[in-house]
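As structure tokens, the structure follows; a few thoughts come after it.
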Amino acid sequence: MAIHKEHELHQRRFGRNMGLGAVLLAFVVIVFGLTVVKVSRQDANGNPPSAEAKP
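For the sequence shown, our numbering assigns the number 19 to the initial residue and increments by one for each residue that follows.
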């Protein structure tokens, strides 16, 4: 079994992939959070809160 050093190109590609993975994960978390907030603000019938101003 040969021991060899990983090429510099693979190291850069791995770093880029980790960065892209972090961005995608952040996007998923934001979309999930917005979905939870939107669903939790509905009433029992699934209607959004009314837009009328409360006195």
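Glycine residues also receive a C-beta, built at the ideal position from the N, C-alpha and C atoms.
Helix, strand or coil: how does DSSP classify Arg-59 here? Within the sequence shown, residue 59 is the residue found at index 41, counting from 1. Residue state, collapsed to three classes: coil.
Does DSSP put Ile-48 in a helix, a strand or coil? Numbered from 1 along the sequence shown, position 30 holds the residue referred to as residue 48. Helix.
DSSP three-state call for Gly-64: helix, strand or coil? Counting from 1 along the sequence shown, the entry for residue 64 is found at position 46. Coil.
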